[in-house]
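Protein chains in written order, with the working numbering: chain A, 1 to 298; chain B, 1001 to 1400. By construction, the Cβ of each residue, glycine as well, lies at the ideal position given by its N, Cα and C atoms. Only a predicted model underlies this, so the values are computations on that prediction, with no experimental measurement involved. The next block holds one structure in the form of structure tokens; read it before the comments.
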């Protein structure tokens, strides 16, 4: 009769000596316990590693800005360049883009910043394990910390981009809506969705580096089927873009907050929110299950 | 890759994973290895490269789950396996202390408290503020060890990392390990430096190809390992032959003990008798002989050339026997290659020369002796000390 142990069984023993109060047993059984029990362990692991996550974020950001003089600018220039190109295409009539609620430049820049928040988190988390190298195969620490910490840089870049955004918004006279303080609520699902997919991608990328490459291409294409540089379409069949693509409602919500101070597609937004949360939790659970088995193949 | 996907799928769909059978092209990296280490004990692990020692440490560290069997760990584990884990090359040593410390599980508060001690232990002086990408591997070791040493784990796993350190730092590390042992830490120590192993460890397991070859007392296991290693190297070594000229040949060489029994295994200190059966052409009037013993490293550790003792064979017979007697084989345990030769009277040209034509094993029953040679010597108490009025000798301060 096989006893059911998860891969890491952590039981605390009160001990007579001040040391050695924790006993850990490693066995080959990897049948998972009841879902709720495992979540207790997963959350505890996350709480224990919050300092590590913060430390890794600090490390990545300070190292990045130490390596190049223009790092601050590299965070902004690509998006400004893309927007400039599209403004040109729009005003010259080469690409017909319907009217946006706020001036196109502001709309496009805001859309691209949001999109880059999403893709940045997704790309960083996908590559986070592979980038850590021998840390994954040789050191025992909660590897989720690597994935969570990888979101730090894209979020920081997003905040950095708020500066030129604010400049553009004020110079184009976009009125400031007080509802924008709810922005974190519309940004959070983007990050959760990115991390959720990232959890799965990071493990896959560890074994097959093609995954990371393929993702880059997919995201570039994805930008065109998401209302980033154009307002949400309302004709069939293009209206599907707003619904089938899970990122769209989240993006639209953030754009609406800035433009109208309210949501135009609340139902889609809420279901996307729930979807993102589920993807996040499922991805996290997958990561927790899969990594111990896969790290030896890395 | 396919197996990885398979394992993961089994986990997701709650299919029990069958782990005790090998799939195609898999092999057991560790096979049936069991041991126990208690608080305050030091277990050494030796074996050739690729034997499975690092894999075993990864299992103990909790990085890889076992496919069969059970590992029970009581206490916090600290590993000196990947020194400088998490280091970012662009950050300075100081900043990386926080990163590495966080990965090893030290909280910021603890690190702040121990920061100065860590920097002092590493002895990197001004280099601590230099980006880590400029560090040599020895400096990495210093910083990494300094951080890991302040973990105060209950179990310490050390994987061959000390090899890059300079002598003084290695001595420091060994002292630190000794202090941890005294404080009740259990240590598992992997090394290729046999002296270190014998000095630091109580028990040793010798692993080859994932299996335990021998476990037990440190010097026994190390001795057996060295013997086997000598054998491998020794039997594979070759060396350049000298130019041979015609005139004489060795018909047979016999290795015996003092009673005349042909043997190939001797104890340190026993007598060795070597009989050379030779044949020569009538024109050759004088012969000299050589006998040497070497190890796999091709150095002659023992040389007996007959001219040194004044022995030159002058015989009218075309064949005969010459005997070499070594009264005491004062060599330590090892597998020695025997090399013999017949030379002309000036010992300039060789008529016949065999390298490694046979090997003998020498076993030393005295465990505590670690040198290669036993030189006869004596100890006594001296009449004069370093008292007043006597000029002190050269400045030899004894190491503490």
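Which residue comes first and which comes last in the beta strand (DSSP E) that contains residue i?
{"i": "residue 1176 of chain B", "result": "Segment 1167 to 1182 is the alpha helix (DSSP H) holding residue 1176 of chain B; no beta strand (DSSP E) there."}
{"i": "residue 172 of chain A", "result": "Element bounds for residue 172 of chain A: n/a, residue is neither H nor E."}
{"i": "residue 1300 of chain B", "result": "1300 to 1305"}
{"i": "residue 1290 of chain B", "result": "1286 to 1294"}
{"i": "residue 1354 of chain B", "result": "1350 to 1363"}
{"i": "residue 63 of chain A", "result": "Counting along the chain, residue 63 of chain A falls outside any beta strand (DSSP E), though it belongs to the alpha helix (DSSP H) covering 50 to 67."}
{"i": "residue 1320 of chain B", "result": "1319 to 1326"}
{"i": "residue 27 of chain A", "result": "22 to 27"}
{"i": "residue 1186 of chain B", "result": "1186 to 1190"}
{"i": "residue 1343 of chain B", "result": "1334 to 1343"}
{"i": "residue 1273 of chain B", "result": "1272 to 1280"}
Between which residues of its own chain and residue i is the CB-CB distance below 8 Å, once the five residues before and five after are set aside?
{"i": "residue 1129 of chain B", "result": "1092, 1093, 1094"}
{"i": "residue 1002 of chain B", "result": "none"}
{"i": "residue 1332 of chain B", "result": "1268, 1362, 1364, 1369, 1370, 1371, 1372, 1373, 1374"}
Which bits of chain A does residue i rub up against, with CB to CB less than 9 Å?
{"i": "residue 1063 of chain B", "result": "136, 137, 138, 139, 140, 292, 295, 296"}
{"i": "residue 1082 of chain B", "result": "134, 135, 137, 138, 139"}
{"i": "residue 1207 of chain B", "result": "In chain order: nothing, as chain A lies at least about 18 Å away."}
{"i": "residue 1079 of chain B", "result": "138, 139, 140"}
Under three-state DSSP, which class holds residue i?
{"i": "residue 1090 of chain B", "result": "coil"}
{"i": "residue 1211 of chain B", "result": "strand"}
{"i": "residue 32 of chain A", "result": "Caution applies to residue 32 of chain A, whose pLDDT of 49 falls short of 50 and renders its modelled position unreliable; the model cannot decide the point."}
{"i": "residue 1077 of chain B", "result": "strand"}
{"i": "residue 1266 of chain B", "result": "strand"}
{"i": "residue 1313 of chain B", "result": "strand"}
{"i": "residue 3 of chain A", "result": "With a pLDDT of 31 at residue 3 of chain A, under the threshold of 50, the modelled position of this residue cannot be trusted, and the question is left open."}
{"i": "residue 1038 of chain B", "result": "coil"}
{"i": "residue 46 of chain A", "result": "helix"}
{"i": "residue 1070 of chain B", "result": "strand"}
{"i": "residue 1159 of chain B", "result": "strand"}
{"i": "residue 1064 of chain B", "result": "coil"}
{"i": "residue 1043 of chain B", "result": "strand"}
{"i": "residue 229 of chain A", "result": "coil"}
{"i": "residue 1374 of chain B", "result": "coil"}
{"i": "residue 1007 of chain B", "result": "helix"}
{"i": "residue 1401 of chain B", "result": "Outside the modelled stretch of chain B, which goes from 1001 to 1400, sits residue 1401 of chain B, for which no answer is possible."}
Determine the extent of the alpha helix (DSSP H) in which residue i is found, giving its start and end residues.
{"i": "residue 1116 of chain B", "result": "1108 to 1122"}
{"i": "residue 150 of chain A", "result": "144 to 150"}
{"i": "residue 1250 of chain B", "result": "Premise fails: residue 1250 of chain B lies in the beta strand (DSSP E), 1248 to 1256, not in any alpha helix (DSSP H)."}
{"i": "residue 185 of chain A", "result": "183 to 207"}
{"i": "residue 179 of chain A", "result": "Careful: residue 179 of chain A lies outside any alpha helix (DSSP H) and carries neither H nor E."}
{"i": "residue 1308 of chain B", "result": "Unbroken run through residue 1308 of chain B: none, as it is neither H nor E."}
{"i": "residue 1382 of chain B", "result": "Per DSSP, residue 1382 of chain B belongs to no alpha helix (DSSP H) and is neither H nor E."}
{"i": "residue 219 of chain A", "result": "210 to 222"}
{"i": "residue 1053 of chain B", "result": "1053 to 1061"}
{"i": "residue 1196 of chain B", "result": "1194 to 1200"}
Residues in its own chain within less than 7 Å of residue i by CB, not counting five upstream and five downstream?
{"i": "residue 1071 of chain B", "result": "1059, 1060"}
{"i": "residue 1124 of chain B", "result": "1093, 1139, 1142, 1143"}
{"i": "residue 1159 of chain B", "result": "1054, 1057, 1080, 1081, 1190"}
{"i": "residue 299 of chain A", "result": "This structure cannot settle anything about residue 299 of chain A, because the visible part of chain A is limited to 1 through 298."}
{"i": "residue 1121 of chain B", "result": "1146, 1149"}
{"i": "residue 1047 of chain B", "result": "1053, 1206, 1207, 1208"}
Could you list which residues in chain A have their beta carbon closer than 7 Å to that of residue i, in chain order?
{"i": "residue 1090 of chain B", "result": "63, 66, 67"}
{"i": "residue 953 of chain B", "result": "The requested residue 953 of chain B is not part of the displayed model; chain B covers only 1001 to 1400."}
{"i": "residue 1098 of chain B", "result": "55"}
Within the same chain, show all residues whose beta-carbon is closer than 6 Å to that of residue i, passing over the 5 residues directly before and after it, in chain order.
{"i": "residue 298 of chain A", "result": "136, 137, 206"}
{"i": "residue 101 of chain A", "result": "259"}
{"i": "residue 264 of chain A", "result": "256"}
{"i": "residue 52 of chain A", "result": "145"}
{"i": "residue 95 of chain A", "result": "89"}
Determine the chain B residues that contact residue i at a beta-carbon separation under 7 Å, and present them in chain order.
{"i": "residue 51 of chain A", "result": "1102, 1107, 1108"}
{"i": "residue 59 of chain A", "result": "1088, 1091, 1099"}
{"i": "residue 239 of chain A", "result": "None at all; the shortest Cβ gap to chain B is about 35 Å."}
Consider the Cβ of residue i: report whether some Cβ of chain E lies at a distance smaller than 7 Å.
{"i": "residue 26 of chain A", "result": "Absence of chain E from the displayed structure is noted, the protein chains being A and B."}
Quick one: does the C-beta of residue i sit closer than 6 Å to a heavy atom of the ligand ADP?
{"i": "residue 94 of chain A", "result": "As for the ligand ADP, it is missing from this structure, which has no ligand bound."}
Closer than 9 Å by beta-carbon distance: list the chain B residues that pair up with residue i, in chain order.
{"i": "residue 23 of chain A", "result": "1072, 1073, 1074, 1075"}
Can you pull the chain A residues whose beta carbon is under 8 Å from the beta carbon of residue i, in chain order?
{"i": "residue 1051 of chain B", "result": "Within chain A, no residue comes near residue 1051 of chain B; the closest Cβ sits about 17 Å away, beyond 8 Å."}
**Request:** Could you pull out every unbroken alpha helix (DSSP H) segment of at least 4 residues lying fully inside the segment 1125 to 1154 of chain B, listed in chain order?
**Result:** 1137 to 1149
**Asked** Considering only residues of the segment 239 to 278 of chain A, which uninterrupted alpha helix (DSSP H) runs meet the minimum length of 4 residues and lie entirely inside it, listed in chain order?
**Response** 240 to 244, 247 to 259
**Asked** Hey, which unbroken runs of the alpha helix (DSSP H) at 4 residues or more fall wholly within the segment 68 to 142 of chain A?
**Response** 71 to 91, 104 to 132, 134 to 138
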